[in-house]
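There are 2 protein chains.
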Amino acid sequence: MVEGVHFRLGDGWATPAEVGHRALAGALSDLAAMGASAGEAYLMLGIPPTFGHERALQLARAAAALAEQTGVAILGGDVVRAPVLTVSVTAVGWADSAEELVGRDGAAVGDLVGVTGVLGSAGAALAVAEGRTQRSAHARTVSERAARPLPRLQEGRELARGGVHAMIDLSDGLATDAQRLAQASEVAIEVQLGALPIAAGVAETAAELDQPPWQLAACGGEDYELCFCAAAEDAAAVELAVAALGDVRVSWIGEVREGPAGALHLLDEHSQQVSLAGFEHRV
Amino acid sequence: MVEGVHFRLGDGWATPAEVGHRALAGALSDLAAMGASAGEAYLMLGIPPTFGHERALQLARAAAALAEQTGVAILGGDVVRAPVLTVSVTAVGWADSAEELVGRDGAAVGDLVGVTGVLGSAGAALAVAEGRTQRSAHARTVSERAARPLPRLQEGRELARGGVHAMIDLSDGLATDAQRLAQASEVAIEVQLGALPIAAGVAETAAELDQPPWQLAACGGEDYELCFCAAAEDAAAVELAVAALGDVRVSWIGEVREGPAGALHLLDEHSQQVSLAGFEHRV
């Protein structure tokens, strides 16, 4: 994660602690998406001369706190000078055998498409940070959630055990990441935008932006929920297995179709296909 | 490794391929210094918009070539946008047990201090790149050697098996790194500067700079040789074990002494202590 590319620092933007948390969360989320257990992580910091000792410690401590919360050991790393704050995390995941892991390429025609948790906080928080909305109570709600996303490690393992065919984490937004699943699996994916689970505060933020809430949910990056394809007969078991872990729920948002590889069809509440042209994607 | 901090690109400076090689070499050298076997590596690239596809490929291919040469598997990584070229490598090393590994803290009073290979190429190459010397034949010799340092993985394993008490790789220069050994081991280290093994072309470069050759050998960083402390009775066996691997030789350059922890005494050919004040250290 590079300052000015993946985050900005300063008033209304990310704190050093949030950058540390998000850098580790992003790496762990990739492991979650394979159903891997997270093992050890390595933290490399590029620190600009003006950044200072105390903020560097805040960043490292936040990463250490998330590591403890997720059972990860930060075993090493490096600190160097850099023109802008640069955080590179390597996280190593484990499985007892390669068969336990899930790739992006196993989605089959007829599979249901599911997501964990709720979407849109990251996209809404970006709009808030950029000053495109009021700084109201719901703005705080979306920003707080987006500041500390939790990688879905346990959920990823349960989904893998439950036999999902393909999985990805939502780091670049559902519209982009579901398309990657479709591409790798050589299928088309159809998503019902009205079925997207919307995080608290996102609908209000979307209203201020004069957008439908699904736009923030489908196009905002870094929600770090999981998107997966499962056989319809496994759907109930998968739901239960994830629900047994805690507060995170599975929502079924679409279906895998025959069609040109990588095609993603986004359908509105009238089953009309929506174009993504003109939508904002987080860089 | 960050452009402008750890390397410069362009005429007379590093090529993209050399940056890729050196980034992996530096990470592997840390494993060599513990006597670990190198396993897998992860390569993260931060690429400025002007860098271009072809140069990024040259960088990655050079890292891949060194990985193949050293038996390392590059298993993953990431590519992001960054304001300057930034290369972060995580390399994971292995040993059958913790006891097989060597730290920096085991040097004992009376130990001999040794180094592998020859020193000074990196310091001399920096002087050449900065235009402080002629671009002559010996300038090419030091620059070519410095451009592609080889991590001493096999030598590090043999030294660990041979029972060396403490070890470090020379990434910041002997004067800095030997002091780290002395600090961690809570001893003093005495180095005979006349005993330093000098790489080809370094003496000529030093003469042009009006410096003694040992200055480039002791103060230049990134030679990536190993510096270690061994019991005198193990010295012959250690020499033989390293020599059996190939062309790299061990040189004995000093001794571990009682004294204030972290003291480093550099002695010239008249056994006079030399001060490092005013010496150039590579940043």
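Respectively, the protein sequence lines represent chains W and V.
Residue numbers for the first sequence follow my numbering, so the first one is 43 and each next one is one higher.
Residue numbers for the second sequence follow my numbering, so the first one is 43 and each next one is one higher.
All C-beta atoms, glycine included, are put in the ideal place defined by N, C-alpha and C.
Nearest-angstrom Cα separation, counted from residue j out to residue i
i	j	result
Gly46 of chain W	Arg123 of chain V	10 Å
Val151 of chain W	Glu110 of chain V	40 Å
Leu101 of chain V	Pro58 of chain V	5 Å
Leu318 of chain W	Ser178 of chain W	28 Å
Ala273 of chain V	Gly204 of chain V	10 Å
Ala242 of chain W	His180 of chain W	8 Å
His63 of chain V	Pro239 of chain V	24 Å
Ala283 of chain V	Ala67 of chain W	45 Å
Ala226 of chain V	Trp294 of chain W	57 Å
Val206 of chain V	Val144 of chain V	7 Å
Phe49 of chain V	Ile231 of chain W	46 Å
Val298 of chain W	Ala169 of chain W	31 Å
Gly94 of chain W	Thr128 of chain W	14 Å
His323 of chain V	Gly118 of chain V	Residue confidence for His323 of chain V is low, a pLDDT of 46 falling below 50, so the modelled location carries little weight; the figure read from the coordinates is stated next. Taking the straight line from one Cα to the other gives about 34 Å.
Glu60 of chain V	Ser163 of chain V	15 Å
Leu89 of chain W	Val121 of chain W	Reading off the sequence, residue 89 of chain W comes out as Ile, not Leu. Roughly 7 Å separates the two Cα atoms.
Leu108 of chain V	Ala115 of chain V	10 Å
Glu300 of chain V	Ala189 of chain W	52 Å
Glu311 of chain V	Gly236 of chain V	6 Å
Gly262 of chain V	Asp214 of chain V	7 Å
Val325 of chain V	Gly135 of chain W	Because Val325 of chain V sits at a pLDDT of 31, beneath the cut-off of 50, its placement in the model cannot be relied upon, and the point is left open.
Arg199 of chain W	Gly159 of chain W	15 Å
Leu258 of chain W	Ala171 of chain W	14 Å
Gln253 of chain W	Gly173 of chain W	16 Å
Glu281 of chain V	Asp265 of chain V	20 Å
Thr247 of chain V	Leu287 of chain V	30 Å
Trp256 of chain V	Val233 of chain V	11 Å
Arg187 of chain V	Ala106 of chain W	40 Å
Ala65 of chain W	Met43 of chain W	6 Å
For residue j and residue i, believed in contact at Cβ under 8 Å, the rounded distance
i	j	result
Val155 of chain V	Ala220 of chain V	7 Å
Ser71 of chain V	Ser130 of chain W	At roughly 19 Å, the Cβ-Cβ gap does not stay under 8 Å, so Ser71 of chain V and Ser130 of chain W are not in contact.
Ala166 of chain W	Val244 of chain W	5 Å
Leu216 of chain W	Cys271 of chain W	Rounded, the Cβ-Cβ distance is 13 Å, inconsistent with contact.
Leu308 of chain W	Val316 of chain W	5 Å
Thr112 of chain V	Leu195 of chain V	6 Å
Gly304 of chain W	Ala208 of chain W	Not confirmed; about 13 Å, so no contact.
Ala83 of chain W	Ala69 of chain W	7 Å
Test: residue i CB closer than 8 Å to a CB of chain W
i	result
Met86 of chain V	yes
Arg324 of chain V	Here Arg324 of chain V scores only 41 on pLDDT, less than 50, and its place in the model should not be relied on; the value that follows carries that caveat. By this cut-off, Arg324 of chain V is not an interface position.
Val126 of chain V	yes
Thr218 of chain V	no
Leu70 of chain V	no
Proximity test, Cβ basis, 8 Å: residue i and chain V
i	result
Arg146 of chain W	no
Pro91 of chain W	no
Val134 of chain W	yes
Contacts that residue i makes with chain W (C-beta to C-beta distance below 9 Å)
i	result
Val44 of chain V	Gly88, Val122, Arg123, Ala124, Pro125 and Thr128
Val47 of chain V	Gly88, Val122, Arg123, Ala124 and Pro125
Residue interval of the alpha helix (DSSP H) (run including residue i)
i	result
Glu297 of chain W	Taken as a continuous stretch (DSSP letters only), Glu297 of chain W belongs to no alpha helix (DSSP H), being part of the beta strand (DSSP E) at Val292 to Arg299.
Trp256 of chain V	Pro255 to Cys261
Arg123 of chain V	It is not in any alpha helix (DSSP H) - Arg123 of chain V instead sits in the beta strand (DSSP E) that spans Ala115 to Arg123.
His307 of chain W	Not the alpha helix (DSSP H): His307 of chain W falls in the beta strand (DSSP E), residues Leu306 to Leu309.
Leu143 of chain W	Taken as a continuous stretch (DSSP letters only), Leu143 of chain W belongs to no alpha helix (DSSP H), as it is neither H nor E.
Leu108 of chain W	His95 to Thr112
Thr218 of chain V	Leu216 to Ser227
Val244 of chain V	Val244 to Glu250
Ala237 of chain V	Neither: Ala237 of chain V is in no alpha helix (DSSP H) and is coded neither H nor E.
Asp72 of chain W	Pro58 to Ala74
Leu161 of chain W	Segment: none, Leu161 of chain W is in no alpha helix (DSSP H) and carries neither H nor E.
Extent of the continuous beta strand (DSSP E) to which residue i belongs
i	result
Arg194 of chain V	Arg194 of chain V -> no beta strand (DSSP E), and no H or E assigned at all.
Thr158 of chain W	Leu154 to Thr158
Ala285 of chain W	Unbroken run through Ala285 of chain W is the alpha helix (DSSP H), Ala277 to Ala285; no beta strand (DSSP E).
Ala130 of chain W	The sequence shown places Ser at residue 130 of chain W, not Ala. Residues Thr128 to Trp136.
Met209 of chain W	Ala208 to Asp211
Gly88 of chain V	Ser79 to Ile89
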